[in-house]
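The structure appears below as structure tokens.
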Amino acid sequence: MPESIDFMREAIDLARANVAAGGRPFGAVLVRDGEVLARAVNRIHETGDPTAHAELLAIRDAAQRSGSPRLDGAVIYASGHPCPMCLAAMHLCGVARAYYAYSNEDGEPFGLSTAAVYAQMARPPAQQTLALQALRPAGEGGLYEAWAAGRG
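Under the UniProt record's numbering, the first residue of the sequence shown is numbered 1, with each subsequent residue one higher.
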């Protein structure tokens, strides 16, 4: 596990450097088979993009460089507990494991916890505060079939 500690220290160092640059305390290192695929920090302060989380940016970078949306078997080291959005992205691209240094409980006093979002998403969709409803226009159909047919 010494190598894992080194990757985590790197994620924390990235987060500290990001704080020094005016950003949030989040850094991530994405690794597969001992090789760093990508490193990233939270860039919300630079971009105004609420999805510019360190983990997502590392995933995007690694996927673009590899030419594949699949990162099967990769491991992510994150300075903070991944939010539900980042965790979902990890599931969708095949990340096998994620480690974090600071928990939601650690971040709570500083407004850096996503525990409330996790709680919302654990509820059935009809009971969440964000309204989610199906709305398909009359006569609309075949979108997924067209996609499947084009994959040939």
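Cβ coordinates follow ideal geometry from the N, Cα and C atoms, glycine included.
- When DSSP states are grouped into helix, strand and coil, residue 131 belongs to the coil group.
- Within a 10 Å sphere around the beta-carbon of residue 11 sit 16 or more other beta-carbons, which makes this residue buried.
- Measuring C-alpha to C-alpha distances from residue 93 to each of 19, 131, 75 identifies 75 as the nearest.
- Residue state for residue 96 is assigned as coil, using DSSP reduced to three classes.
- Within the same chain, Cβ atoms closer than 8 angstroms to the Cβ of residue 19 are found at 25, the five residues on either side in sequence being excluded.
- DSSP, reduced to helix, strand and coil, places residue 35 within a strand of the structure shown.
- The segment 80-97 makes contact with the segment 57-71; the number of CB pairs closer than 8 angstroms reaches 3 or more.
- By the neighbour-count criterion, in which 16 or more other beta carbons inside 10 Å mark a residue as buried, residue 34 falls on the exposed side.
- Residue 114 sits buried, since 16 or more C-beta atoms from the chains shown fall within 10 Å of its C-beta.
- Comparing alpha carbon positions, the residue from 111, 104, 55 closest to residue 85 is 55.
- For residue 80, the enclosing beta strand (DSSP E) begins and ends at 75-80.
- Rounded to the nearest whole angstrom, the CA to CA distance from residue 62 to residue 100 is 19 angstroms.
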